[in-house]
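Just so you know, the sequences run in chain order X and S. Sequential numbering of the first sequence, starting at 1, is according to the working numbering. Sequential numbering of the second sequence, starting at 1, is according to the working numbering. Working notes, structure below.
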Amino acid sequence: MSAVPWETARGRPRRRRDWTGLIFFTPFLLVFVMGIVAPLVYASGLSLYRDQLIGGRSFVGLGNYLDALTDPRFLEGVSRVGLFLAVQVPVMIGLALLAALILDSGRIRAMRFMRIGVFMPYAVPSVVAALMWGFIYGDQFGLVGQFNAATGAALPGPLTPDWVLIAIGNVVTWQFLGYNMLILYAALRSIPEELYEAAAIDGAGEARIAWSVKIPALKPALWVATLFSIIGSFQLFNEPHVLQSLAPASISTYYTPNMYAYQLAFNANQVTYSAAVAILLGAVTVVVAYVAQWMTARGTRR
Amino acid sequence: MGLMVLYTLLPLYWLTVNATKTNGDLFRSNGLWFGGEFALWDNIVATVTYQDGIYLTWLLNTALYSVVGAVGATLICTFGGYALARFDFPGKRMARAVVFGAITIPTTALAVPTFLLFAELGITDTRAAIIIPALVSPFGLYLMTVFATDAIPDSLLEAATIDGASAWTTFWSVAFRLLMPGFATVLLFNLVSTWNNYFLPLIMLSDPTLYPLTVGLHQLNNQVTTGANLEPVYNVVLTGSLLAIVPLIISFLFLQRYWQSGLAAGSVKQ
């Protein structure tokens, strides 16, 4: 029996099983506990209480959660981001897929420029993106107002209540189109050349190859892109919050669930209820992400 | 494709052009072309001297938060990824499952809970309140684990161990060098996310001299558009926005091969 326990795992070279690895992992563990676990545990605990004018803080169990599930403002926010997700994510991923397929076909000039040009907005902070688009949308010195004034047309203002969700969707699409395009493009580049050759021998044309070879091979990457977009939609905050100062009549303080949690904690002073809303929203996001993953996995296996 | 590039670059062009205009020209001239006077330099001076140089304070804060947060987070991820890829240790399977599961927890969902905890601990409105959360990056750990699995041959580590090098020496002299491309990639992504961070500093900070650029710019824009600020300094808001994105655009242009390989690793090797 040796003093050092050795282990052979799946044909790989032997590795020591000892505490060295744990020492390297400890810094991550510490910040993980401090930055993720502790806040979630503390906020979950807090969400089980309620502050009252008389009697102070009292334990209400799941009371805050039950309230949230019937709170019209919370539900309005959730259904709004649900609608947003159902429209914006497919549009953006579709455009990104189209762009990635065009790049991969190698048939256009100035490829490098195109790739970087489409990706560039990713480097713009979402606050700056929202400010900039807000000015462009606005009627003070915005383009829509100038267009209407110059041509006598009557295009609706993007910041009016009917259009503002689309206006927000445009800002988000603008920012993340290139990021998603590059994820898909990277996946396309990793498809082995032989697959194309085999398809070409079988007489498949360019469109047929895109549909039957490229898109199936893209499934994992499409899934990653969609997953991150779904999470982003549920957590929508920066863009509507910034645009709110330009369009207070169109964007309420509970326009998205995150804006509602913010409003509850900082303006309405309902801290424990805000904790419940934040936790509930996080849970909904994670569940939706997992359901999407499960559905994709099932679809792929078939 | 040309249309898409037009769509993504036109707003940036608009911002650049309008940052060269005086306040008066902003309202008088066509938004897609330069105004009568080329006032970019005047606007930059106006921006950095506005309210005794508050913009520069915000810029330095952003730089501090991003550099300390991103370099720290990336080092921590490098250690952690190296541990997960190269060692067996008690509790490893569980640690891996929990941490990789946390990738789907969005940072915005953590903002309010983190604020509540930090308020209890009495450390809101400090620089640490922004930096500590920035040090955690489960996605960065995932990427570093992938890199460490692929980039370091076992034989090299074994050779170093046989030569009698300690684990610490082996890490710095062998592993870290091989992990440099991965380090640069994760650093870049962490840099972007801290540079762009908004929700957390918005709720954590109330002292304007601690604000990062994102919060400062939004606050200034709020004052201007609601008329709370007596001078309508639109030129400062626009020029400030333009200056805020220049450093990131430059680093993206210079570090192309890193972010491109990072995107590839993150998406393909699922």
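Glycine included, each C-beta is placed from N, C-alpha and C at the ideal position. Keep in mind the model is a prediction, meaning the values are calculated, not measured.
Outcome for residue i when other beta-carbon atoms lying within 10 angstroms are tallied against a minimum of 16
i       : result
V91(X)  : exposed
D207(S) : exposed
G117(X) : buried
A73(S)  : buried
Q270(S) : Annotation note: pLDDT 35 at Q270(S) (below 50); position unreliable, coordinate value reported separately. Classification for Q270(S): exposed.
Q175(X) : buried
F27(S)  : exposed
F113(X) : exposed
P13(X)  : In this predicted model, P13(X) has a pLDDT of only 45, less than 50, meaning its place in the structure is not dependable; the value taken from the coordinates is given anyway. It is exposed - the Cβ of P13(X) has fewer than 16 other Cβ atoms within 10 Å.
L165(X) : buried
G203(X) : exposed
R115(X) : buried
Y13(S)  : exposed
W133(X) : buried
Q52(X)  : exposed
L220(S) : buried
P156(X) : exposed
F28(X)  : buried
Helix, strand or coil at residue i according to DSSP, with G and I counted as helix
i       : result
P56(X)  : In the sequence as displayed, the identity of residue 56(X) is Gly instead of Pro. The answer is strand: DSSP assigns G56(X) an E or B state.
R271(S) : Because residue 271(S) is not part of the residues shown, which for chain S are 1 to 270, the question remains open.
D25(S)  : helix
R109(X) : coil
Y50(S)  : coil
Y198(S) : coil
Y49(X)  : strand
P247(S) : helix
D88(S)  : strand
T160(X) : coil
W19(X)  : coil
P72(X)  : helix
S250(X) : coil
I152(S) : coil
F171(S) : helix
L218(X) : coil
N30(S)  : coil
S190(X) : coil
V124(X) : coil
L95(X)  : helix
Neighbour list for residue i in chain X, Cβ cutoff strictly below 8 Å
i       : result
N30(S)  : Q146
F34(S)  : Those within 8 Å of F34(S) in chain X number zero; the least Cβ separation is about 14 Å.
T149(S) : By Cβ distance, chain X contributes nothing, its closest Cβ being about 10 Å from T149(S), past 8 Å.
S206(S) : Within chain X, no residue comes near S206(S); the closest Cβ sits about 10 Å away, beyond 8 Å.
V48(S)  : Under the 8 Å cutoff, chain X gives no residues; its nearest Cβ is about 17 Å from V48(S).
L217(S) : V127, V128, L131
I76(S)  : P27, F28, V31
Per-residue contacts from residue i into chain X (C-beta, under 9 Å)
i       : result
G164(S) : In chain order: nothing, as chain X lies at least about 15 Å away.
P201(S) : Within 9 Å Cβ-Cβ: nothing; P201(S) doesn't reach chain X, min ~10 Å.
F252(S) : I116, F119, M120, Y122, A123
Cross-chain neighbours of residue i in chain S, by beta carbon under 8 Å
i       : result
T151(X) : Going along chain S, no residue has its Cβ under 8 Å from T151(X), so there is no contact; the nearest lies around 13 Å.
Close beta carbons around residue i, own chain, < 8 Å, minus the five adjacent residues each side
i       : result
A160(S) : T169, T170, S173, V174
L46(X)  : V271, T272, A275
I250(S) : none
Neighbourhood of residue i by C-beta, 6 Å cutoff - its chain only, sequence neighbours within 5 removed
i       : result
L238(S) : N18, A19
S29(S)  : G35
A278(X) : A261
T149(S) : A85
T225(S) : none
F84(X)  : S233
Contacts of residue i in chain X (Cβ-Cβ under 7 Å)
i       : result
N281(S) : Nothing in the structure corresponds to residue 281(S), since chain S is present only between 1 and 270.
Y82(S)  : F24
I249(S) : M120, A123
Residues of its chain near residue i, where Cβ-Cβ distance is below 7 Å and the 5 sequence neighbours each way are ignored
i       : result
V99(S)  : P138, L141
A130(X) : V171, N238, E239, V242, L243
Y42(X)  : none
L101(X) : A210, K214
A289(X) : L227, I230, I231
L202(S) : V215
V68(S)  : I131
Y196(X) : I209, V213
Residue i: CB within 6 Å of a non-hydrogen atom of the ligand GTP
i       : result
A187(X) : Here there are no bound small molecules, and the ligand GTP is not part of this structure.
Closer than 9 Å at the beta carbon, the chain S residues around residue i
i       : result
W174(X) : Y7, T8, P11
**Prompt:** Listed in chain order, which residues of the region 254-267 of chain X have Cβ atoms closer than 8 Å to some Cβ of chain S?
**Reply:** Listed in chain order, the positions of the region 254-267 of chain X with a beta carbon within less than 8 Å of a beta carbon of chain S are N258, A261, Y262, A265, F266.
**Request:** Check each residue of the region 3-22 of chain S: if its Cβ is closer than 8 Å to any Cβ of chain X, include it; give the result in chain order.
**Result:** M4, V5, Y7, T8, L9, P11, L12, W14, L15, N18
**Request:** Using a Cβ-Cβ cut-off of less than 9 Å, list which residues of the region 80-110 of chain S approach chain X; keep chain order.
**Result:** G80, G81, Y82, A83, L84, R86, F87, D88, F89, P90, G91, K92, A95, V98, V99, G101, A102, T104, I105, P106, T107, T108, A109, L110
**Asked** Just by C-beta distance, which residues in the region 214-231 of chain X are closer than 7 Å to chain S?
**Response** P220, A221, V224, I231
**Message:** Beta carbons nearer than 9 Å to chain X: which residues of the region 117-133 of chain S have them?
**Reply:** L117, F118, A119, E120, I132, P133
**Request:** Mind checking the region 195-212 of chain X against chain S and listing, in chain order, the residues whose C-beta falls within less than 9 Å of any C-beta there?
**Result:** So nothing in the stretch comes that close.
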